[in-house]
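Step one of this worksheet: look at the structure below.
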Amino acid sequence: MSAKEKDKTTTVPASRLKETERQKEIERLEKDVEELRHMAGDEDADAELLRLREQVAELRREFYAHLGPWQRAQIARHQQRPYTLDFVSLLITDFIELHGDRFYADDHAIVAGLGKFHGRAVAIIGHQKGRDTKQRLIRNFGQPKPEGYRKALRIMQLAAKFGRPILTFIDTPGAYPGIDAEERGQGEAIARNLREMARLPVPVIVTVTGEGGSGGALAIAVGDRVNIFENSFYSVISPEGCASIIWRDSTKAETAANAMKITAQDLKELGIIDEIVQEPEGGAHSDHEATARLLDEVLDRQLVTLTNQPIRDLLDARYEKFRHMGQFFDLGK
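Mapping of the sequence shown onto the numbering used here: residues 557 to 889, in sequence order.
Below you can see the structure in the form of structure tokens.
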């Protein structure tokens, strides 16, 4: 290996080193807090515990307030972030999971079923990654194959038939790129979902809960309202993939993330998403119940608004919403 190549593989950006140091400082303080917690009852220890808790909370607030796009992408991929089944258990009652696409198989990377949200009958569809190695292999790391998208469409059409609103949860690095998926029509399955979701005669609310990767995310993300958690991201390609294409160097992922405008705030300004859902202090992975409560308010408010709209108006607004995405020029001039 040449000296130039060696430097390339070992150099770490100063900004990343600084973020790592701040993370280590917070982790060290959290460890001190945990040790002091076991000394409860001692007046001096209680006072020190309170001081350290306040210090940790302030550091955490400052840390999360100044995160860059690449750092937020890492949080979006945190293995402890809530997945679709976590939101189902916290927000949905009487949930019944439905399996299979009635053509080939049941794709475990997508969860789909029927349940009730605040007493309203709804359909729920979302990606599921899995937390440990065994679960991730079963869920294919949250990367659906064609049968996953066909299962999702089957449930959407079932919901449309019975007038049930649809809630979708997005968290995938993208559609599975394997040969078997291509042989079974991956592109066609995604394209069909896009077409059919555009004309579903029921309200569709989409929430990006983690990473929204390319067409694999969009295939269940055509909705009347598109929400995103503040530390999630949504993009046509991953930062690593973009860096590999543009610079032939995946280590430039941080530079790519900064250029791609993938964060919640960027997407809101570009009109790609409608509302940013706040996360609890420390990120969604730190408190699933608090995260679900914050999302609950948003979904309930949006669902009330959408269910009161005439179907024709709903479909026209949905079409116009996606038709104008990416329109940065005044064609009338």
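The beta carbon of each residue, even a glycine, is placed where N, CA and C say it ideally should be.
The region 685–731 is shown to contain whole beta strand (DSSP E) runs of 3 or more residues at 722–728, in chain order.
The DSSP assignment places complete beta strand (DSSP E) segments of no fewer than 3 residues inside the region 787–863 at 789–791 and 831–833, in order along the chain.
Contact between Val833 and Ile784 holds, with the beta-carbon distance rounding to 7 angstroms and staying under 8 angstroms. Its chain contains no residue whose beta carbon lies nearer than 6 angstroms to that of Leu826 once the 5 sequence neighbours on both sides are disregarded.
Counting the other CB atoms within 10 Å of its CB gives Ser645 a total below 16, which places it among the exposed residues. The criterion of a C-beta distance shorter than 7 angstroms is not satisfied by Ala708 and Ile746. In this chain, the beta strand (DSSP E) harbouring Gly769 covers Val760 to Gly769. Per DSSP, Leu647 lies in no beta strand (DSSP E) segment; the continuous alpha helix (DSSP H) that holds it begins and ends at Thr640 to Leu647.
In its chain, beyond the 5 residues on either side, Asp856 have a beta carbon closer than 7 angstroms to the beta carbon of His674. Here Ile711 is not near Leu647, since their CB atoms are 7 angstroms or more apart.
Per the coordinates, the alpha-carbon of Asp663 lies some 8 angstroms from the alpha-carbon of Arg695.
Non-local C-beta neighbours of Thr847 in its own chain, meaning closer than 7 angstroms and more than five positions away in sequence, comprise Pro638, Glu835, Pro836 and Ala840, ordered along the chain.
Across the structure, Gly779 and Arg607 are spaced so that their CA atoms are roughly 46 angstroms apart.
DSSP links Glu653 through a beta bridge to Gly669.
When the five nearest sequence neighbours on each side are left out, the beta carbons in the same chain lying within less than 8 angstroms of the beta carbon of Phe878 are those of Ala754 and Val778, in order along the chain.
By the C-beta density criterion, Gln713 is exposed, having fewer than 16 other C-beta atoms within 10 angstroms. Rounded to whole angstroms, the gap between the alpha carbons of Val758 and Phe697 is 30 angstroms. Sorting Val762, Arg874 and Pro702 by C-alpha distance to the C-alpha of Pro733 places Pro702 at the top.
Using a Cβ distance threshold of 7 angstroms, Ser791 and Gly730 do not count as a contacting pair. In the three-state DSSP reduction, Gly743 falls in the helix class (H, G or I). An exposed status is given to Ala873, since fewer than 16 other beta-carbon atoms sit within 10 Å of its beta-carbon. Around the Cβ of Gly768, a 10 Å sphere holds 16 or more other Cβ atoms; the residue is buried. Linking Asn787 to Ser842 through their CA atoms gives a straight-line distance of about 12 angstroms. With a threshold of 16 other beta carbon atoms within 10 Å, Gln636 falls short and is exposed. When only Cα atoms are considered, Ile735 and Leu823 end up about 32 angstroms apart. Distances from the alpha-carbon of Val667 to those of Ala679, Gly741 and Arg658 put Ala679 closest. The straight-line gap separating the alpha-carbon atoms of Asn749 and Phe659 is approximately 15 angstroms.
In this structure, His683 lies away from Thr649, with their beta-carbon atoms at least 7 angstroms apart. When rounded, the separation of the alpha-carbon atoms in Phe651 and Ile722 is 13 angstroms.
Excluding residues up to 5 positions away in sequence, Pro757 lie with their Cβ nearer than 6 angstroms to the Cβ of Ile867 in the same chain.
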